[in-house]
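In what follows, a structure is listed as structure tokens, so that the remarks can point back to it.
In our numbering, the protein residues as written are 1 to 250.
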């Protein structure tokens, strides 16, 4: 049953579903089911139950001190560095809490483990005097993202995704969260892991597709199309900001 539903979501994303009045009776049953599951964006991102989570928008990842030139370029070209701060500003104005999921290491690497190629590479960068060592400039957020006084920064000392081994889940539960808006990098691992974990934990997820990036850029688009389209609701920065503006005027 669920694999069929997933397939219909995929077709819907591809724009290949027929109009309702052209459906056969069998197809109508699935279209009705899909309509019941989907929600209007204005309800989905209601400030009363929504948070924004930025993923590794740090100077040593996508900022001026980045050692990952391809990822930094992707963040620039995809809109992460311009649209991300716009989303954060709009969220705060609407009363939506902004949280920043960051990656850090101790100077002695205690508590971290290089148990995959990515973490091993990060360890080497940290040992060279760059990287994401706590209390250094590389570990700081890109300033346009914050943090503002009302923001919450949730660092992780080990691993690849923001929920595992941190208090992020409990924090946003205490904020009565139902919907997570995910922005940042990268679609390859971090954003993908954030979305999957959030869904596993029972949250709805919204991804502004012009505020996330992967490397190469084309591969990031494939992840959006082939994987995240089945897990999250897609929107744009413009649509999200416009939606939150309706709450500001109430």
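Each residue gets a CB set at the ideal place from its N, CA and C atoms; glycine is no exception.
Please tell me whether residue i and residue j are closer than 8 Å, where the distance is taken between their beta carbons.
| i | j | result |
| --- | --- | --- |
| residue 157 | residue 190 | no |
| residue 168 | residue 120 | no |
| residue 217 | residue 78 | yes |
| residue 211 | residue 237 | yes |
| residue 154 | residue 186 | no |
| residue 262 | residue 247 | Residue numbering for the chain in the displayed model covers 1 to 250; residue 262 lies beyond these limits and cannot be assessed. |
| residue 88 | residue 163 | no |
| residue 148 | residue 92 | yes |
| residue 50 | residue 181 | yes |
| residue 252 | residue 75 | Here the chain comprises residues numbered 1 to 250, so residue 252 is not present and cannot be evaluated. |
Put residue i into one of helix, strand or coil per three-state DSSP.
| i | result |
| --- | --- |
| residue 53 | strand |
| residue 184 | strand |
| residue 215 | coil |
| residue 133 | strand |
| residue 97 | strand |
| residue 20 | Note that residue 20 scores 38 on pLDDT, short of 50, meaning its location in the model is unreliable and no value can be drawn from it. |
| residue 246 | helix |
| residue 62 | coil |
| residue 81 | helix |
| residue 145 | helix |
| residue 122 | helix |
| residue 179 | strand |
| residue 237 | helix |
Just list the residues that DSSP pairs residue i with in beta bridges.
| i | result |
| --- | --- |
| residue 104 | Looking at the DSSP assignment, residue 104 forms no beta bridge with any residue, so it has no partner. |
| residue 45 | Looking at the DSSP assignment, residue 45 forms no beta bridge with any residue, so it has no partner. |
| residue 204 | 179 |
Within 10 angstroms of the Cβ of residue i, are there 16 or more other Cβ atoms? Answer buried if so, exposed if not.
| i | result |
| --- | --- |
| residue 285 | Look at the range of the chain in this structure, 1 to 250, and you will see that residue 285 is not part of it. |
| residue 183 | buried |
| residue 107 | exposed |
| residue 244 | buried |
| residue 45 | buried |
| residue 56 | buried |
| residue 226 | exposed |
| residue 235 | buried |
I'd like the span of the alpha helix (DSSP H) that includes residue i, first residue to last.
| i | result |
| --- | --- |
| residue 211 | Here residue 211 belongs to no alpha helix (DSSP H), and DSSP marks it neither H nor E. |
| residue 174 | 168 to 174 |
Under DSSP, the beta strand (DSSP E) around residue i begins and ends at which residues?
| i | result |
| --- | --- |
| residue 152 | 152 to 156 |
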